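To start, the structure under review is shown below, and the notes come after it.
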Amino acid sequence: VQSLMDKIEQALASFHQALNIRENFLPDSESSVAEVHYEIGNLYFKMDQSDQALEHLCRCLELEQKSLPENHVDIAQSSNSIIAAIQSIGLYNEALVFVEKALTQRDSR
1 VQSLMDKIEQ ALASFHQALN IRENFLPDSE SSVAEVHYEI GNLYFKMDQS
51 DQALEHLCRC LELEQKSLPE NHVDIAQSSN SIIAAIQSIG LYNEALVFVE
101 KALTQRDSR
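Position 48 of the sequence shown, counting from 1, maps to 48 under the working numbering, and the rest follow consecutively.
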């Protein structure tokens, strides 16, 4: 188990470096930055650090909504990950509100 956690922490450090590089040298590539936020969020989720996961997943979704078509699969995937993080914190009502918002956006397309 420790070996797995060490690998996750190494991956997390690498993704933080990648995020820094992309934000500083590719500032116009919102979808590229969003992708790294998504991976960081998933790693934090695997480490049971849902608050930090939620922070990165929400930033990912925000960037995706700016740079991708509104019906893009990545937006749906990020929304699902956010819902899982919200639920893992125990904020079920907030998760339900997020689901309803996502469904409303989907139905309005």
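We treat Cβ as the ideally placed atom computed from N, Cα and C, and that holds for glycine.
Remember, it's a predicted structure, so these values are computed and weren't measured experimentally.
Between which two residues does the alpha helix (DSSP H) containing residue 33 stretch? Working through the sequence shown from its first residue, we reach residue 33 at position 33. The continuous alpha helix (DSSP H) containing residue 33 extends over residues 30-46.
Kindly indicate which three-state DSSP category residue 70 falls into: helix, strand or coil? As a first step, residue 70 must be located in the sequence shown, where it is residue number 70. Here residue 70 sits in coil by DSSP.
Going by DSSP in three states, residue 61 sits in which element: helix, strand or coil? Counting from one through the sequence shown, the residue named residue 61 turns up at place 61. Of the three classes helix, strand and coil, the one that applies to residue 61 here is helix, per DSSP.
Just the C-alpha distance for residue 2 and residue 102, rounded to the nearest angstrom, thanks. Position 2 of the sequence shown, counted from the first residue, corresponds to residue 2. Position 102 of the sequence shown, counted from the first residue, corresponds to residue 102. One C-alpha to the other measures close to 37 Å.
Starting from residue 17 and walking both ways along the alpha helix (DSSP H), at which residues does that stretch end? Within the sequence shown, the letter at position 17 stands for residue 17. 2-25 is the span of the alpha helix (DSSP H), which, as asked, contains residue 17.
Nearest-angstrom Cβ-Cβ length linking residue 61 and residue 85, presumed shorter than 8 Å: Your numbering for residue 61 matches position 61 in the sequence shown. Your numbering for residue 85 matches position 85 in the sequence shown. So it is not a contact: roughly 11 Å between Cβ atoms.
Considering only C-alpha positions, which residue in the set 20, 37 and 29 is nearest to residue 82? Walking along the sequence shown from the start, residue 82 turns up at place 82. Comparing Cα-Cα distances from residue 82 to each of 20, 37 and 29, the minimum goes to 37.
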